[in-house]
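Engineer: These protein sequence lines are chains A and B, in that order.
Using our numbering, you'd call the opening residue of the first sequence number 1 and step up by one each time.
Using our numbering, you'd call the opening residue of the second sequence number 181 and step up by one each time.
C-beta: ideal position from N, C-alpha, C; glycine also.
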Amino acid sequence: MEEVILEVMEEVMVEVMEEALVEMQFMLLFSRQGKLRLQKWYVPISDTQKKKIAREVIQMVLARKPKMCSFLEWRDLKIVYKRYASLYFCCAVEDQENELITLEIIHRYVELLDKYFGSVCELDIIFNFEKAYYILDEFILGGEAQETSKKNVLKAIEQADMLQEEAETPRSVLEEIGLT
Amino acid sequence: MAAQEVTAQPGDTLTTLKTESESLKTKLLDERAKLHDVELHQVAEKVEALGQFVMKTRRTLKGHGNKVLCMDWCKDKRRIVSSSQDGKVIVWDAFTTNKEHAVTMPCTWVMACAYAPSGCAVACGGLDNKCSVYPLSLDKNENLAAKKKSVAMHTNYLSACCFTNSDMQILTSSGDGTCALWDVESGQMLQSFHGHAADVLCLDLAPSETGNTFVSGGCDKKACVWDMRTGQCVQSFETHDSDINSVRYYPSGDAFASGSDDATCRLYDLRADREVAIYSKESIIFGASSVDFSLSGRLLFGGYNDYTINVWDVLKGTRVSILFGHENRVSTLRVSPDGTAFCSGSWDHTLRVLGASLESKISTDCNIVLSAVEFMEEENLMKQELSSMKEQVASPNTTMKQMKEIMVRAMYCEMLGYDASFTYIHAIKLAQQGGVLEKRVGYLAVSLFLSEGHELLLLLVNTVLKDLQSTNLIEVCMALTVVAQNFPKDMIPAVLPLVEDKLSHPKEIIRRKAVLALYNFYLIAPNQVQHIHGKFRKALCDKDPGVMTSSLHIYLQLIRESPDDYKDLTGSFVAILKQVVGGKLPIDFNYHNVPAPWLQIQLLRIFSLLGRDDQSASEQMYEVLDESLRRAEMNHNITYAILYECVKTIYTISPKAELLDKAVRCIGNFVLSPKINLKYLGLKALTYVVQHDTKLALQHQMTIIECLDHSDFTIKRETLELLFRITNAQNVTVIVEKMLDFLRDVVNNFLRLLAEGSNCKEDDDQLRLYAVDSYLNVLKGNCFHLPQHFLQLSEDQTDLILDLLENLSSSQNTVIRQQAQELHHLSQDSQLHEWVLPRGAPWDSVEVDSSLSFLDGYVSEALAAGAAPYKPPHQRQEELSEERALSLEPYGFNLPVSLSSCSITDRQSPTLSSGLSGNSAELSQKAGTLILEGVKRVWGKDGYLPQKESTSEAAQVEESAAALQIYGQQGAEERLEPPDQSQQTEDKQQLASSLFVGLGAQSSTSLLGKSEAPPPRFRRKPRPHASSSSSSGASERSSESSHSSRSTADSFHYGNLLEEEPTTIKPSSDVTKHNHIRANGPEQNKDADVAVETDRGVNTSHILGSDMVLVRPNTIQDKYPADLTELLPADLKELPRSDVISLTSDPSLYLSSCRVFRDESLLLVIFISNCTDTAITDVAVQLTCEGLETVSLRGNVIGSLESSSVSVCHYALMMKDPQTNVSFTGTVSHQTQAGQTNSLMFSGTLCTADFIRPLVVTTEEYGKLWLSFSHDVKQNLKLLTDAEDPLRATLNALKETLQLHVVDVIGSEGLVACSLLSSAPCLLHCRVNGTALAVWLRSPLPALPDCILYHCQKTLAEL
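1) Is residue 1381 of chain B closer than 8 Å to residue 1348 of chain B when the C-beta atoms are compared?
2) Any idea which residues DSSP pairs residue 1540 of chain B with across the strands?
3) Just the chain A side, please: which residues come within less than 7 Å of residue 632 of chain B by C-beta, in chain order?
4) Establish whether the CB of residue 650 of chain B and some CB of chain A are separated by less than 8 Å.
5) Sorted by chain position, which residues of the same chain lie with C-beta nearer than 7 Å to residue 607 of chain B's C-beta, five sequence neighbours on each side aside?
6) Is there contact between the segment 469-482 of chain B and the segment 201-217 of chain B, where contact requires at least three CB pairs shorter than 8 Å?
7) For residue 521 of chain B, count the other beta carbons within 10 Å of its own beta carbon; 16 or more makes it buried, fewer makes it exposed. Which is it?
8) Going along chain A, which residues have a C-beta under 9 Å from residue 596 of chain B?
9) What separation, rounded to the nearest whole angstrom, lies between the Cα atoms of residue 590 of chain B and residue 740 of chain B?
10) Would residue 1366 of chain B and residue 1497 of chain B be called neighbours here (beta carbons separated by less than 8 Å)?
11) Bridge partners of residue 1417 of chain B, per DSSP?
12) Just verifying my parser: in three-state terms, what is the DSSP assignment at residue 687 of chain B?
13) Which of helix, strand or coil does DSSP assign to residue 802 of chain B?
14) In its own chain, which residues sit with a C-beta less than 6 Å from the C-beta of residue 678 of chain B, not counting the 5 before and 5 after it?
15) Using the Cα positions of residue 896 of chain B and residue 1462 of chain B, report the straight-line distance between them to the nearest angstrom.
16) So for residue 490 of chain B, helix, strand or coil by DSSP?
17) On the DSSP bridge list, what partners appear for residue 906 of chain B?
18) Is the shortest distance between the beta-carbon of residue 151 of chain A and the beta-carbons of chain B less than 8 Å?
19) Using a Cβ-Cβ cut-off of less than 7 Å, give me the residues of the segment 88-121 of chain A that come near chain B, in sequence order.
20) Checking contacts by CB at 8 Å: is residue 556 of chain B closer than that to chain A?
21) From B:355, B:275, B:1329, B:298, pick the residue whose C-alpha is nearest to that of residue 305 of chain B; which is it?
22) Run the CB neighbour count on residue 421 of chain B, radius 10 Å, all protein chains shown included, and call it buried at 16 or more, exposed below.
23) Got a sec: is the Cβ-Cβ distance from residue 48 of chain A to anything in chain B below 8 Å?
24) Runs of 4 residues minimum, wholly inside the segment 1483-1526 of chain B: which ones carry the alpha helix (DSSP H) assignment?
25) Please look up how many angstroms separate the CB atoms of residue 466 of chain B and residue 435 of chain B, rounded, as I've assumed it's under 8 Å.
26) Taking 8 Å as the CB-CB cut-off, is residue 146 of chain A touching chain B?
27) Starting from residue 134 of chain A, follow the alpha helix (DSSP H) in both directions and report where the run begins and ends.
28) What residues from the segment 272-304 of chain B come within 8 Å of chain A, judged by C-beta to C-beta, listed N to C?
29) Identify, in the order they occur along the chain, each residue of the same chain with its Cβ nearer than 6 Å to the Cβ of residue 655 of chain B, setting aside the five sequence neighbours on each side.
30) I'd like the ranges of any beta strand (DSSP E) spanning at least 3 consecutive residues and lying wholly in the segment 1454-1487 of chain B.
31) Can you tell me whether DSSP reads residue 97 of chain A as helix, strand or coil?
32) Output needed for residue 310 of chain B: all residues of its chain with C-beta closer than 7 Å, excluding positions within five of it in sequence on either side, in chain order.
33) How many angstroms separate the CA atom of residue 913 of chain B from the CA atom of residue 953 of chain B?
34) Excluding the 5 residues flanking residue 193 of chain B on each side, which residues of the same chain have their C-beta closer than 8 Å to its C-beta?
35) If we count the other Cβ atoms within 10 Å of its Cβ and call it buried at 16 or more, is residue 568 of chain B buried or exposed?
36) Given a threshold of 16 other Cβ atoms within 10 Å of its Cβ, counted over all protein chains shown, does residue 1048 of chain B qualify as buried or as exposed?
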């Protein structure tokens, strides 16, 4: 009977991605209350599926007790999660992936956020979530670690930010002139 | 008023005046009653009943350090002020649960607080007898305490306060029995209200704007309505039986409700001038601490001391709902000004904001939910936001800058799950037309919104092309970023040349992104990039490590597909890793002092692909792998990550013994790590390596066994995976059993899913159909496990049923036949069917009479017919365990599997060898060969233990010493384990032996040679050496005898020794050695096969033949093999009792005792065994114990005690004053044959637990008792959180050891009762409080709760 049921389960499973070649399938950030704070999908999935998966993963992770290990098997993927203060960082990787290194990816991302925002908190991510995305994109691209040097990632972000400021300052001056 | 018309006559005595006033009162009541023509609920009969009512906790406000005593809403419907016993007043934002202000009061017990109508100030007070007003300001840093204004001053505590309709006046009530109105500005008292005869506990202002009345309630059981202008009491009501804790005006102002300690709430109508309704229920026995009306007035919320909130239908007088959630008394409760929610504060230190959910269909006259907005839910807000966004994006006037902001908001909406697809096109537009910063947002939005294959992506191609050619680096970066994430497959050729060009861009960040873009292309369309493989090589050789790392992603993919094409690169990869490991990379790439770990891991993965089945490639890697292993020493996750990858690689490439060894040691570090993540990875690594070498699992047997029972699902699963890999013919049964255990949970979940379904109807049907089909297939084969649920499920597929029924009706199993019959009937009678198995109904709603009360009749009949009464599981367990204690089989095999061949040979291996040793050369040699021959046996019964010893033993010339060494080893281990753990350890050992049996068989020599050290788990234990073998052997024996006390000889010699110091070494001699052998021989070999039997026979006779035998074989144990308890009088045998423990002994007497738990007393039974050859006369036992009362005694004087016989004497003891532990002492005097009088002292301890008996009461009785007891103690206990139902598990654990009676379990609370020997009861009220169990004990005896608490703690600590 067990065999049959396992078979059934396989059938029912929603295929996340057949060519699961990418290191990371998706990354979710959510609060202790289960509110999604950031999501990044590295495999094409429909919106309804995304919602379903996010809900399922959040529920599962929130149900974990503090002393349990940071890894979870979910469908045919591994969920690697870690909690930082009120936020859960959660990655889905292939089953054969090295979970520890994924955990360190999460940690490095938190380090990056921390460095960028200056002791980051949940509110920073809520109010500047696009910044959090930029940092993530600079760190992980297409599901693979792109640049692991903290300095380089932040340099890239700062350059772009600088441009933003440069672009903003003259404009506001102009506006002021226009107004007066 | 009538009372005023009566003028007091001078001659009247006080009594006559009293009677007169009483009679006037009754008259008044009668007058009032005349006005009362009809009951409220009768009038309300026509009113439509309230529908389903669901309220959920929306916010939990945590922050108070002690009981929350009072709270109030701000008029803005958002802020809440609360006060607590910790002396803090906190202003909360209930939306965000943030604390906005906090004030520390000079006193604890801030019993009252209130929000000013303007929302600009809060008032509070308590035991300081004052009411203070704190103005709130927006400046968060400002010190509120500095602006404190003391307004009111009472002579006793402030019990309630409330602003009138302006910020300028405040109304207070106090424990001094008065209420008063104060001017906030000046602190002047404007009016005082005298009339209450005791403390005033509560007040409420009339709701109408002009209303000048307020109502108060107090300890005099009276509720008074006051006119604020005159200061006069205008109406008073006195129908409550106890203190009035709370009063609230009905929203119209014509009535008010009160909540009282008499467990009722009442409604008083001011126009009818009387009580019009009582809200109470039999089951509610605790006082109501707080009441409030819903906005419409239809609902009355009452917070009760039993931690619940009851919701009453005001008109019908019925309870609509009961809300749980708080973990202690609900002390305060207020409905928010807009009526959409209410907030309750509790002694559990929290406040909860509850809101009704949308699905509840309360009739429209209830405002409580009815606005479409769910309280504090963002849905409406989001919809508004989205529609305003829609407007804005459509407007031509929206600037790019505004658009950028809209896009950010749209991303947020999408993330929260709201559809913002109308902005997609604008995202592309933004990326196309915006300035750099708009572009950035635009690209980000595109990458978030549009996944690969979205048609809108095509519109992006031109933008990307343009940006790729831009001179602005940032723009190029952004374009490459989006290309590397999602790009339409068909358009790759268009951008490919441009991206290729970027590979030689001077900026490394561009090169890096270009490489990743190509990687993405390669993933989605490998053919398109085939021609540029040469460029990848260039990227690999890039001078920037980042670019090089990125290129490895591509290589990993390429090599995965065809490793042979890239063998030539092996050297380069090795060189790279060497440099990385050697620290040649810039320090920027260090991560926690480890150089570029991601790069290392990538390379290691490539190695494992390249080196697989390739000796020459592998050889190039050995050196650097060794280096990696060596370098990764630091204790940080990242080094473990690298180590793990190393180990995997080492085991994948063609093997090198030296490296394999190192890798195995590495795995050891993982598996033994206390960090759970590492443990998991260790298991995973083990799982991987056992595929190559199954015996590797042997080293970690114990860890694996532990992990198998781990509370973490993930760990458990991985362990099973590992077991699966090591399955062989011998252990398959055990492993499958374990897996089935595990699956049982999964199956239940699965069946649940089948029966209840998910959200999608279509999926469900498909799944069910499939399940039924599969199941039928299974049934065609062999069906003897048929879950009931399945039948329930299959009713959906009626046409299949008949088929199924046919199969089932012929089943052998009666249960299945019955179910089939039932189903058959059901399928024919559709109405019945609907009734029995409501379709689509959730399981929870199926009501089950779990007490099985309908069986009562049957049970009593059966009992009358002479059936044995039902014994609860714990009792059976006890009996079983007692039987087990008698078992002479030292390693009783518990597993439900038969390990046919191996178990027989395994069972006696070490014992046998010891039994044989030292007798004849021939025999000992045989013993030696027995050990060496079947290496299986080394992994058998106690296999994992003497792993090394068995080899060393083989090498030993002197067999007897070796044998003893084994014994010594074993003993040393057992001795170090606490006694109660030893059973557990034994179980684990058994499991280990059955799981790992046969693993070492194929290559035993190499295994034994390899395991240089014993499993590290045992390293801490002292390992006896050959030189000290004889002494350790002796000490071992002594310890062993304590475990099973099966040999009196041992007991005599070592019994006392043991109690004091297990490591004490008794000088040993050959003689004792043989004794020991003699004593153990028979039982060890009890069920051995015939060959061994004969061996033993020879052996025994040999020993007996020698004149070294010291102790008579006819020992007590031999003579009364069953149990000493057999000697108990018949009337005591049935009673529960403790194990027999040894008290003391001397050469002639051996004393042991046991406790028998009688309902009315504790029986201390003392067994006096004569162990001499001759009769002993005049035996007298004397027992003294302070603090205990001896009720009766029996058999304490024995005229003559025959040789080797046992006499029983028992004392019935009572405990009058509870004490945690009581010690008793006593002497036994006797005369030996020689006429000498000997006396023997003994002592022991008894604890309260021995005197506790279950107190069987019903919940109602419990409630009454509870209220009648005064001494209470509260404490948090450990909760067995690992169990499925922690509360029940904990209570049962307590019940098992402490003889408590679990009266009832309601939700997260449990009622437990016990009594101290049928005299003083003690009630325990347990409540799950997070991870702890809050226990509240009450008893008439002051010391009893403490004693019981102590034992509860002890019991739980030992679990």
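Structural biologist: Taking the definition as stated:
1) As a position in the second sequence, residue 1348 of chain B is number 1168, starting the count at 1. As a position in the second sequence, residue 1381 of chain B is number 1201, starting the count at 1. Between residue 1348 of chain B and residue 1381 of chain B, the C-beta spacing is below 8 Å.
2) The structure shown does not extend to residue 1540 of chain B, since chain B spans only 181 to 1539, so no value can be given for it.
3) Here the question's residue 632 of chain B lines up with position 452 in the second sequence. In chain order, 44 make up the part of chain A whose C-beta sits under 7 Å from the C-beta of residue 632 of chain B.
4) Here residue 650 of chain B refers to the residue found at position 470 when the second sequence is read from its first residue. So, not an interface residue.
5) Stepping through the second sequence from its first residue, residue 607 of chain B is reached at position 427. Scanning its chain for C-beta atoms nearer than 7 Å, with the 5 sequence neighbours on each side dropped, one finds around residue 607 of chain B the residues 587, 622, 625, 626, 629, in chain order.
6) Counting C-beta pairs with one atom in each stretch, the segment 469-482 of chain B and the segment 201-217 of chain B have fewer than three that are closer than 8 Å, which means they do not touch.
7) Looking up residue 521 of chain B in the second sequence gives position 341. The residue is buried, with at least 16 neighbouring Cβ atoms inside 10 Å.
8) Your numbering for residue 596 of chain B matches position 416 in the second sequence. Contacts between residue 596 of chain B and chain A, judged by CB atoms closer than 9 Å, involve 35, 36 in chain order.
9) The sequence position of residue 590 of chain B within the second sequence is 410, counting from 1. The sequence position of residue 740 of chain B within the second sequence is 560, counting from 1. Rounded to whole angstroms, the separation of the alpha carbons of residue 740 of chain B and residue 590 of chain B is 40 Å.
10) The sequence position of residue 1366 of chain B within the second sequence is 1186, counting from 1. The sequence position of residue 1497 of chain B within the second sequence is 1317, counting from 1. No.
11) Here residue 1417 of chain B refers to the residue found at position 1237 of the second sequence. DSSP output for residue 1417 of chain B lists B:1411 as bridge partner(s).
12) For the purposes of this step, residue 687 of chain B is taken as the residue at position 507 of the second sequence. Here residue 687 of chain B sits in coil by DSSP.
13) Here residue 802 of chain B is taken as the residue at index 622 of the second sequence, counted from 1. Helix, per DSSP.
14) The residue you call residue 678 of chain B lines up with position 498 of the second sequence. The answer, listed in chain order, is 648.
15) On the second sequence, position 716 is the one that residue 896 of chain B refers to. On the second sequence, position 1282 is the one that residue 1462 of chain B refers to. Rounded to whole angstroms, residue 896 of chain B to residue 1462 of chain B spans 14 Å at the Cα level.
16) For the purposes of this step, residue 490 of chain B is taken as residue 310 along the second sequence, with counting starting at 1. It is a strand residue.
17) Taking the first residue of the second sequence as 1, we reach residue 906 of chain B at position 726. According to DSSP, which records beta bridges pairwise, residue 906 of chain B is partnered with nothing at all.
18) Here residue 151 of chain A is taken as the residue at index 151 of the first sequence, counted from 1. Interface residue, yes.
19) If the cut-off is 7 Å between Cβ atoms, the segment 88-121 of chain A has 98, 99, 100, 101, 103, 104, 108 near chain B.
20) As a first step, residue 556 of chain B must be located in the second sequence, where it is residue number 376. Interpretation of residue 556 of chain B is limited by its pLDDT of 43, a score under 50 that renders its predicted location unreliable; the figure taken from the coordinates is listed afterwards. No, residue 556 of chain B does not count as interfacial toward chain A.
21) Counted from its first residue, the second sequence places residue 305 of chain B at position 125. Checking every option, the nearest Cα to that of residue 305 of chain B belongs to B:355.
22) On the second sequence, residue 421 of chain B is found 241 positions in, with the first residue counted as 1. So residue 421 of chain B ends up on the exposed side.
23) Counting from 1 along the first sequence, the entry for residue 48 of chain A is found at position 48. With 8 Å as the cut-off, residue 48 of chain A does not count as an interface residue toward chain B.
24) As far as the segment 1483-1526 of chain B is concerned, it has no whole alpha helix (DSSP H) run of at least 4 residues.
25) Locating residue 466 of chain B in the second sequence gives position 286, counting from the first residue. Locating residue 435 of chain B in the second sequence gives position 255, counting from the first residue. Your pair residue 466 of chain B and residue 435 of chain B does not check out as a contact, with CB atoms roughly 24 Å apart and the cut at 8 Å.
26) Here residue 146 of chain A refers to the residue found at position 146 of the first sequence. Yes, residue 146 of chain A lies at the interface with chain B (some Cβ there is under 8 Å from its Cβ).
27) As a working note, residue 134 of chain A is residue 134 in the first sequence. Per DSSP, residue 134 of chain A belongs to the alpha helix (DSSP H) from 129-139.
28) Those would be none; no residue qualifies.
29) Within the second sequence, residue 655 of chain B is the residue found at index 475, counting from 1. Closer than 6 Å at the Cβ level, and outside the excluded window around residue 655 of chain B, lie 647.
30) Listed in chain order, the complete beta strand (DSSP E) runs (minimum 3 residues) inside the segment 1454-1487 of chain B are 1481-1486.
31) Start at 1 with the first residue of the first sequence, and residue 97 of chain A comes out as number 97. Reduced to three states, the DSSP call for residue 97 of chain A is coil.
32) Against the second sequence, residue 310 of chain B aligns to sequence position 130. Annotation for residue 310 of chain B: 330, 332, 333, 338 place their beta carbon closer than 7 Å to its own, counting only its chain and skipping 5 residues before and after.
33) For this step, residue 913 of chain B is matched to residue 733 along the second sequence. For this step, residue 953 of chain B is matched to residue 773 along the second sequence. Between the alpha carbons of residue 913 of chain B and residue 953 of chain B lies a gap of roughly 28 Å.
34) Here residue 193 of chain B corresponds to residue number 13 of the second sequence, with the count starting at 1. Sequence-distant partners of residue 193 of chain B (beyond 5 residues in either direction) whose C-beta falls short of 8 Å from its own C-beta are missing from its chain.
35) Taking the second sequence and counting its residues from 1, the one referred to as residue 568 of chain B is at position 388. By the Cβ-count criterion, residue 568 of chain B is exposed, with fewer than 16 other Cβ atoms from all chains shown falling within 10 Å of its own Cβ.
36) Start at 1 with the first residue of the second sequence, and residue 1048 of chain B comes out as number 868. The Cβ neighbour count for residue 1048 of chain B, taken over all protein chains shown within 10 Å, is under 16; the residue is labelled exposed.
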